[in-house]
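Residue numbers (the working numbering): 692 to 1094.
Next comes the structure, spelled out in structure tokens:
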């Protein structure tokens, strides 16, 4: 049952609940790469890398069964339903095709020629458009009414992830080969770019539509951009690796990141920009989708070839202890500034490095318990800098841009 968002939010805060109750799993075929949900939430579809699109019936909150397999003569990597749920669009990496599947009969009815290296899909439901990204920096727009390619155009250097705002007015494409991210206005098709200052692999928009989150595995951080102003608000330092793929809950301020090498789902706060903890999930989680009810996460795992479902429960989360928090206050700037909040007090050491690893700035001071202090980086070279703070062996890092 779906609770009103306000009531659910109050319960969540009071009990510190996280989606870590294991609800079940289903074998979905070898090397599953992506998962999507039908608009009515009755089915999950999985792109299995060795030639199948797998349909899973969602019979109840924790009851899942195999509905059937669609043979795809190729290598499915990403997929998405049309707004009515009547057709499934499966991108094929091997043959550079999109296979159109009738979801009632589970059969391919049409194929569409596309550019090489498809990577991810998002849907603009009210406009009957699917946006398909390509690693070569292109976007393909599929018209789901006519089942044709509407247009294909360049947006960047290397696109591995796309996402759309809850209002469906903007599509974002994370660019792993450029410090700029692509933005497409869905109503007009106009393409613009915003400067994040980082190479971004994954992207997701907060449930309230105010923030864009960009994962940067090379620096193990998540960049946070204010969508209204198209500016960088700061970064979230990841305790382990930055996630490859991310998804946000629609009604609660939480973001979930998939970390395949660590066999975990990392939980972040979309309001306070803090890493909340992690959910152990064996089997090499590869991709994630949120059920339309906003209460369940569907995750495909390449290590054991299963789709796994987790739901809300207060137990089992591994909390992250924050002895100190490092945040960006002013960047880009001639003299960027950061703040350090120290929960237990102690000696904090800060350093700034350029992208070659050269130390360009240092500072050290003693901080009291629960103190927050500002540090301004003066006389540093222009460009992207990585700032680290260390207290009693705990290290955090953020990115700043010096002008």
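All residues carry an ideal CB built from backbone N, CA and C; glycine is no exception.
Of the residues assessed, residue 1076 falls on the buried side of the cut-off, its CB having 16 or more other CB atoms within 10 angstroms. Beta-bridge analysis with DSSP links residue 854 to 863.
Of the candidates 805, 949, 785 and 779, the residue whose Cα lies closest to the Cα of residue 798 is 779. Counting along the chain, no beta strand (DSSP E) covers residue 784, and no H or E run does either. For residue 748, the secondary structure class from DSSP, reduced to helix, strand or coil, is strand. Within the model, the alpha-carbon separation for residue 744 versus residue 737 is close to 6 Å. With a 10 Å radius around the Cβ and a threshold of 16 neighbouring Cβ atoms, residue 807 comes out exposed. One Cα belongs to residue 973, the other to residue 911, and the distance between them is close to 21 Å.
Taken atom to atom, the span from the alpha-carbon of residue 762 to that of residue 995 is near 20 Å. In the three-state scheme derived from DSSP, where H, G and I count as helix and E and B as strand, residue 887 is classed as coil. For residue 771, the three-state secondary structure derived from DSSP is strand.
Membership of residue 789 in the beta strand (DSSP E) is indicated by the continuous run 788-793.
By the Cβ test, the region 959-973 is not in contact with the region 885-894, since fewer than three Cβ pairs between them sit closer than 8 Å.
Of the candidates 971, 947 and 969, the residue whose Cα lies closest to the Cα of residue 988 is 947. Beta-bridge pairing by DSSP links residue 959 to 946 and 966. By the beta-carbon neighbour count (other beta carbons within 10 angstroms, threshold 16), residue 970 is buried. Secondary structure at residue 1023: coil, using DSSP grouped into helix, strand and coil.
With respect to the 8 Å criterion, residue 772 and residue 730 are classified as neighbours on the basis of their beta carbons.
The straight-line gap separating the alpha-carbon atoms of residue 923 and residue 764 is approximately 43 Å.
Contact between residue 975 and residue 714 does not hold, since their C-beta atoms are separated by about 19 Å, which reaches or exceeds 8 Å. Membership of residue 741 in any beta strand (DSSP E) is not indicated, and neither H nor E is assigned to it by DSSP. Taking all protein chains in view, the Cβ of residue 1065 is surrounded by fewer than 16 other Cβ atoms within 10 Å, so the residue is classified as exposed.
Residue 865 and residue 748 have their C-alpha atoms roughly 32 Å apart. A direct Cα-to-Cα measurement between residue 815 and residue 874 gives close to 14 Å.
Minimum Cα-Cα distance from residue 735 among the listed residues 770, 784, 1024 and 1048 corresponds to 770.
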